[in-house]
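Comments concern the structure below.
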Amino acid sequence: MFTNDTLKGRVALITGGGSGIGLEIATAYAKLGASLMLIGRNEERVQAAAQAITEAGGIAVARKTDVRNYDEVKATVEATVEKFGSLDILVNNAAGNFVCPTAELSPRGWSTVIDIDLNGTFHGCHAAYPHLRQSKHGGSIISIITMLGVTGWPQAAHAAAAKGGILSLSRTLAVEWGGDGIRVNTISPGPIGDTEGVQRMYIEGGRGELEAKKTALGRFGKKEDIANAAVYLASSLGSYVTGENLIVDGGRWLKYVAA
Ligand code: HXC
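Under our numbering, the first residue of the sequence shown carries the number -7, and numbering increases by one thereafter.
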């Protein structure tokens, strides 16, 4: 268990922070003392998330921002620093995805997912950099990817390419920005049972049990498993960890390789 002051005095911006894994990370960060800016395309959703965190005793504000639009992202980063005085942690969590055979994928469908996932992550990193390098705790960037971006992801070439690109971007920035005290890491969740993605892609289609068995542990993960990893990487507990891809997948990827 982390202590209540693990993230005290830190300011975090979380993209896609209004729902799913992003909201779980936000909730964990708030409980451990961080101040939060939650962003997303759906204004109502991010505002409701910030309000729930505030009502539970945390510090959170929200702002409608589309990560595809660099100017919007930059303005939101500036607003965060204006509100809280610094930016210490950036979590690139916003993602778009749909299942589609590549031969049937339109160029616009491809670009849409690349724009949200890969370009959105670049926008966040680029806009946050001047502030992260001034963090008195040392800046931390965490991007949520998947090992499917490494192995390949049939029926989701756009998301596979984007996630693979984010891994490469993160390793590059870890080296480029290490001298500025900024750590850059990724987290690769496996199948997380209480997310919309797994509900939609596996459980609703009747593949839940089969997919759970594909992990070494034989079960789906929970959103809090990812939030715990995101706390570790954001906090001083992970202060010598950079350029790492922390795989939190119940051994799904290894079992795939071993099979
Ligand atoms: C084929 C599709 C499509 C589909 C969209 N497109 N959905 N093509 N099959 N199911 C095409 C459209 O036809 C269009 O191209 C282009 O993509 C843009 O579509 P829009 O709907 O205009 O885009 P937009 O409104 O911006 O929506 C973005 C989106 C959408 C990514 C396409 O699905 C979305 O917002 N999803 C919500 C976020 C989300 O997906 N979260 C899940 C992340 S979970 P044309 O050529 O027709 O104009 C995750 C982990 C999963 O990623 C892990 C599982 C193990």
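Glycine included, C-beta positions come from ideal geometry on N, C-alpha and C. Note that the coordinates shown come from a computational prediction; the quantities given were computed from them, not determined experimentally.
CA-to-CA, the gap between P146 and P93 works out to about 7 Å. Secondary structure note for S103: it is in no beta strand (DSSP E), and the uninterrupted alpha helix (DSSP H) holding it is P99 to I106.
Cβ neighbours of N(-4) within its own chain (closer than 8 Å, five residues either side excluded): K23, L24 and G25. Rounded to whole angstroms, the gap between the alpha carbons of R211 and E74 is 43 Å. With fewer than 16 other CB atoms across the displayed protein chains lying within 10 angstroms of its CB, G171 is exposed. A148 is the residue among G12, A148, I51 and G185 whose C-alpha sits nearest the C-alpha of T104. Membership of L124 in the alpha helix (DSSP H) is indicated by the continuous run G112 to L124. Just so you know, the alpha carbons of I6 and L(-1) end up roughly 14 Å apart. The DSSP-derived three-state label of A52 is strand. Under DSSP, I184 takes part in a beta bridge, and its partners are G213. Taking non-hydrogen atoms of the ligand HXC into account, the C-beta of R100 is found less than 7 Å away from one of them.
Exposed is the label assigned to L202, since fewer than 16 other Cβ atoms lie within 10 Å of its Cβ. Of all alpha-carbon atoms in N111, E35 and G116, the one lying nearest the alpha-carbon of A67 is that of G116.
Using a Cβ-Cβ distance cut-off of 8 Å, the segment 75 to 82 and the segment 121 to 134 are in contact, since at least three pairs of beta carbons, one from each stretch, lie closer than that value.
For the pair R55 and I17, the CB atoms are not nearer than the 8 Å cut-off. Counting every other CB atom within 10 Å of its CB across the protein chains shown gives T143 a total below 16, marking it as exposed. A Cβ-Cβ separation of about 6 Å places I184 in contact with V190 under the 8 Å criterion.
Using a 10 angstroms sphere on the CB of N89, the tally of other CB atoms reaches 16 or more, which defines it as buried.
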